[in-house]
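Undergrad: By the count of our numbering, the sequence shown reaches residue 232 at its end, each step adding exactly one.
We put the CB at the ideal spot given by N, CA and C, even for glycine.
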Amino acid sequence: MHHQSDTTDLAQFWEQHYAARDQVWSGRANAVLAETAAGLPPGRALDLGCGEGGDAVHLAAAGWHVTAVDVSATALARTRARAEAAGVAGSVTTERHDLSEYVPEGPFDLVSAQFLQTPIEFPRPLALRRAAEALALGGLLLVVDHGSAPSWSEGQGHHLDFLSPAALFASLDLDADRFEPARLDAPERESTGPNGERGTIVDTVVAVRRVH
Ligand SMILES: C[S@@+](CC[C@H](N)C(=O)[O-])C[C@H]1O[C@@H](n2cnc3c(N)ncnc32)[C@H](O)[C@@H]1O
């Protein structure tokens with residue numbers, strides 16, 4: 021179910037989501053992000069919808085300077101606490117924005133949007149296009165979406181639409197003269213459910229390089 025909404029509703033939805041539990045996500049970096057960053061020289065990174073900071077702290081520990089953005093103040097507080105605990109607070113800056121309204125200007129060498137998927141609808145392609153504009157020349161935009169429901173959740177009903185990597189790339193509507201696809205694929209990985217269920221899940225991966 022998708023609701024069209026404003027920043028207040030969006031922030032409220034995600035605040036409630038985070039407030040419901042002390043920790044919502046695993047705290048580990050997302051697999052594709054970790055793998056991608058491992059092949060890049062550390063620089064300036066922008067994490068869009070950073071959640072509790074697993075990726076931001078992973079990047080900072082690897083030498084990146086990270087701007088971590090989320091609409092939820094609770095998520096950002098957890099990101100800062102995680103960065104403190106890891107000894108990288110000096111390399112992680114948190115900023116609270118609704119990405120429908122504002123995207124930090126950069127320049128960034130890596131812009132990452134990991135599962136920036138939400139039942140409260142927002143103009144995500146517009147936000148991702150703005151984020152692509154914030155890339156330094158040669159920089160990489162990495163968008164990873166869920167490409168399937170987890171195999172352990174079969175029959176539970178899901179509301180997400182699963183775009184193919186090519187369709188996701190096309191939806192960004194980037195200027196082909198300045199942005200080139202660097203990776204479009206849908207790898208499968210292991211996934212563990214909330215009650216320890218073992219299974220697999222597909223990631224939809226779109227990486228785009230700014231070439232001009
Ligand atoms: C599914 S979570 C993913 C969190 C994190 N990237 C991860 O992989 O664990 C989506 C995150 O995006 C944030 N978010 C959703 N819509 C947003 C918007 N319009 N502006 C800023 N943050 C947003 C939510 O607060 C939430 O933390």
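Give the straight-line distance between the Cα atoms of PRO185 and LEU161, rounded to the nearest whole angstrom.
TA: 14 Å
Undergrad: My guess is that ASP29 and ILE140 are in contact by the Cβ rule of under 8 Å, so how many angstroms apart are they, rounded?
TA: 6 Å
Undergrad: Keeping to the same chain, check which residues put their C-beta closer than 8 Å to that of HIS166; ignore five residues upstream and five downstream.
TA: PHE135, GLN137, LEU180, PHE182, ILE221, VAL222, ASP223 and THR224
Undergrad: Could you tell me if MET21 is buried or exposed, where buried requires 16 or more neighbouring beta carbons within 10 angstroms of its beta carbon?
TA: Per-residue confidence for MET21 stands at a pLDDT of 43, beneath the threshold of 50, marking its modelled position as unreliable; no derived number is given.
Undergrad: Looking at the strands, I want to know which residues DSSP matches up with ASP195.
TA: Paired residue(s): none; ASP195 is not in a bridge.
Undergrad: Going by beta-carbon coordinates alone, are ALA93 and THR113 separated by less than 8 Å?
TA: no
Undergrad: Evaluate the contact criterion for the region 50-59 versus the region 73-84: three or more CB pairs, one atom per stretch, below 8 Å.
TA: The region 50-59 makes contact with the region 73-84, as at least three CB pairs between them are under 8 Å.
Undergrad: Could you tell me the alpha carbon to alpha carbon distance between THR27 and SER111, rounded to whole angstroms?
TA: 28 Å
Undergrad: Inspect the beta-carbon positions of ASN50 and VAL164 and report whether they are closer than 8 Å.
TA: yes
Undergrad: Cα-Cα, which of ARG150, GLU72 and ASP90 is closest to VAL44?
TA: GLU72
Undergrad: For ligand 1, any of its heavy atoms closer than 7 Å to the Cβ of TRP172?
TA: no
Undergrad: For ALA95, is the beta carbon positioned less than 7 Å from some heavy atom of ligand 1?
TA: It does: the Cβ of ALA95 is within 7 Å (strictly closer) of some heavy atom of ligand 1.
Undergrad: Ends of the alpha helix (DSSP H) at ASP75?
TA: 74-81
Undergrad: Taking 8 Å as the cut-off, does the region 115-123 touch the region 142-155 (at least 3 CB pairs, one atom from each stretch)?
TA: yes
Undergrad: Give the secondary structure of MET21 by DSSP, where H, G and I count as helix, E and B as strand, and everything else as coil.
TA: Confidence at MET21 is low in this model, with a pLDDT of 43, below 50, so the placement of that residue should be treated as unreliable; the coordinate-derived value is given next. Coil.
Undergrad: At a threshold of 7 Å, does TRP84 count as lining ligand 1 (C-beta to nearest heavy atom)?
TA: no
Undergrad: In the DSSP assignment, what are the bridge partners of SER211?
TA: GLY219
Undergrad: Given this structure, state the Cα-to-Cα distance separating GLU208 from ALA106, to the nearest angstrom.
TA: Their backbone Cα atoms lie some 29 Å apart in a straight line.
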